[in-house]
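The sequence shown begins at 1 in full-length UniProt numbering and counts up by one.
First up is the structure itself, then whatever we jot down about it.
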Amino acid sequence: MDTELDKKLDTIFKNVNDWLKFAEQKNAALLVLNVGLIWGISRVLPNNVEFGPLNYWLNLIGFTLLIASAIACIVSFMPVLNDCWFSQGEQKKSDNSLFFGDIAKYDAASYLKLVISKLPESDIKSSNFDLDYANQITNNAKITLTKYKWFGASSKITILGSIILSVSLLFLYW
């Protein structure tokens with residue numbers, strides 16, 4: 001028999017999984033962008049030309065940053081089923097029981113208590129099945145948060161590498 005709590009947990013579970021899929025897609029797109037930038041910029045650079053020291057170092061740093069970002073994207077695809085690599089933050093009374101970033105702060109039992117406390121019915125009893133649901137939700141939320149943090153770091157590295165390579169191209173062709 002599905003209880004109201006089971007239905008709520010199922011909805012939250014599906015929502016967190018959708019965010020997890022979206023995080024994977026964003027990391028894949030950024031990986032493709034990095035590889036495309038590396039390939040495209042290397043095609044624009046002239047062959048058999050000796051670069052000045054400034055261009056040499058700008059190119060070296062820019063390509064290194066794009067490669068580092070691509071590696072970070074690949075690392076984000078590695079399964080992380082135990083401890084997450086990033087801090088999830090501290091629990092707060094204002095935490096949203098539906099947002100994966102807040103859910104990641106909790107273990108299964110404390111998350112289940114949070115969900116029950118947010119529901120209008122005050123006499124809800126949870127089952128072992130509900131605890132299993134909460135465990136899966138919190139684990140997936142932690143994985144999702146980790147993937148988004150990898151994406152954020154990779155994005156910043158890509159932007160920096162792209163700017164540096166753009167400056168290098170500007171100096172080269174100006």
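Heads up, the beta-carbon is just placed ideally off N, CA and C, and yes, glycines get one too.
Burial is judged here by how many other beta carbons sit within 10 angstroms of a residue's own beta carbon; Ser76 has at least 16 and is buried.
By the C-beta density criterion, Asp10 is exposed, having fewer than 16 other C-beta atoms within 10 angstroms.
Glu121 sits in coil when the DSSP states are folded into three classes, being neither helix nor strand. In terms of Cα proximity to Gly101, the closest of Asn140, Pro53, Asn135 is Asn140. In the same chain as Glu24, and ignoring 5 residues on each side of it, the C-beta atoms closer than 7 Å to its own belong to Lys147, in chain order. In terms of CA proximity to Phe13, Ala134 leads the group Ala134, Glu50, Ser155. No residue range can be given for Lys92, since it is assigned to no alpha helix (DSSP H) and is classified by DSSP as neither H nor E. Membership of Asn59 in the alpha helix (DSSP H) is indicated by the continuous run 53-76. Taking a cut-off of 8 Å for Cβ pairs, the stretch 63-76 and the stretch 119-138 do not touch, as fewer than three such pairs fall below it. Judged by their CB atoms, Leu30 and Phe151 are nearer to each other than the 8 Å cut-off.
Where Trp174 is concerned, there is no enclosing alpha helix (DSSP H), because DSSP gives it neither an H nor an E. Going by beta carbons, Leu54 and Ile164 fall outside the 8 Å limit. Across the structure, Ile38 and Ala104 are spaced so that their CA atoms are roughly 35 Å apart. Beta-carbon to beta-carbon, Ile143 and Leu20 are separated by about 6 Å, close enough to satisfy the 8 Å threshold. One Cα belongs to Ala153, the other to Asp107, and the distance between them is close to 26 Å. Following the DSSP letters along the chain, one finds Phe13 inside the alpha helix (DSSP H) bounded by residues 4-44. Selection Thr3, Val16, Phe51, Leu131 evaluated against Phe171 yields Phe51 as nearest (Cα-Cα).
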